[in-house]
Amino acid sequence: MTETIYDALRESHEIQRSLCRRLLRSQAGTAARADLFKQLRVELAAHEAAEERYLYVPMLMDDMGLDASRHALHEHHELDELVEALQVVDKSGAAWMATAKKLSEKVHHHLREEEKKFFQVSGKIIPDARKIGLARSYRRDHARLLKKLAEG
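Count along the sequence shown from 1, then add 7; that gives the number in the working numbering.
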């Protein structure tokens, strides 16, 4: 079976879920925690940018997709703000972990909502053949962004 945009997005969603779980179990003040946070930060940023381009833009072009797209973009902004708040030198305090838990909860909520709601709405808007092309474009852009963001 040919991969669609939804298959590609779900793969990144699973990576995000795993990184969130591992980050919350990480030990305070360790290089492992800092590395997990960086991996999560990079994955979220690459995923958001590519997803916005290859799922939300096509949805925004149809009246039926406006509300869902706007809501999802708002949630991406909220995730970005939490990631920014976590980008401090000391990742060992209770306040940092409380914010990390909030980020994890928001990531999990957003991914569930996408998979249960946004995918269904966009599935009615985007033609089947286009879903395959969008998967290729998403994967290419996501890989490029992962590399670029990991270096920076």
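Don't be surprised by glycine CBs; every beta carbon is placed ideally from N, CA and C.
Per-residue burial, residue i [other beta carbons within 10 Å of its own, 16 or more giving buried]
i: LYS124; result: exposed
i: GLU18; result: exposed
i: ARG146; result: buried
i: LEU152; result: buried
i: LEU73; result: exposed
i: LYS154; result: exposed
i: HIS54; result: buried
Spatial neighbours of residue i in its chain, beta-carbon cut-off 6 Å, leaving aside the 5 residues before and after
i: ILE133; result: PRO65
i: LEU110; result: LEU89
i: ARG77; result: none
i: LEU118; result: HIS20
i: ALA52; result: LEU156
i: LEU67; result: SER76
i: PHE126; result: TYR13
i: SER33; result: ALA39, ARG40, LEU43
Cβ separation of residue i and residue j, assumed to be a contact under 8 Å, to the nearest whole Å
i: ILE12; j: LEU62; result: 6 Å
i: LYS113; j: GLU85; result: 6 Å
i: ALA157; j: ASP14; result: At roughly 23 Å, the Cβ-Cβ gap does not stay under 8 Å, so ALA157 and ASP14 are not in contact.
i: HIS115; j: ALA57; result: Actually they are not in contact, since the Cβ atoms of HIS115 and ALA57 sit about 20 Å apart, beyond 8 Å.
Close-in-space but distant-in-sequence residues of the same chain around residue i (CB under 8 Å, 5 per side omitted)
i: LYS131; result: MET71
i: ALA41; result: LYS98
Range of the contiguous alpha helix (DSSP H) that encloses residue i
i: ASP14; result: 12-32
i: THR106; result: 101-120
i: PRO65; result: 64-67
i: ALA38; result: 38-58
i: GLN127; result: 126-132
i: ASP148; result: 135-158
Residues near residue i in its chain [Cβ-Cβ closer than 7 Å; skip 5 each side]
i: LEU26; result: LEU43, GLN46, LEU47, GLU50
i: ARG29; result: LEU43
i: THR106; result: LEU89, ALA92, LEU93
i: SER144; result: TYR61
i: ALA79; result: TYR63, GLU121, PHE125
**Asked** For the region 84-103 against the region 33-43, are there 3 or more C-beta pairs whose distance is under 8 Å?
**Response** Yes, the region 84-103 touches the region 33-43.
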